[in-house]
């Protein structure tokens, strides 16, 4: 039978892995959005690519920067 402290540690590790997975999933999802924009622009003229990137990609990059800034201020998980 496991003692209480090892059960708590196990649950804390599971919670930490979910949080980490959440960040990873968010980043992957963000890159997919950016990739979709670039795929749609693949065969477009140069000027149209530029204008679309300025409107769509810039907002995505600002969203990613805000997320990174927020992530930097969060304390990393402690590993024993």
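In the UniProt record's numbering, the protein residues as written are 1 to 80. For each residue, glycine too, the CB sits at the ideal point set by N, CA and C.
For residue 74, the three-state secondary structure derived from DSSP is coil. By the CB criterion at 9 Å, residue 28 and residue 60 fall outside the cutoff. Considering only 70, 22, 39, the residue with the shortest C-alpha distance to residue 56 is 39. Short of 6 Å from the beta carbon of residue 45, and not among the five residues preceding or following it, lies no beta carbon of its own chain. The alpha helix (DSSP H) runs lying completely inside the UniProt domain "Transposase IS66 central" (18 to 76) and spanning 4 residues or more are 46 to 52, 58 to 73, given in chain order.
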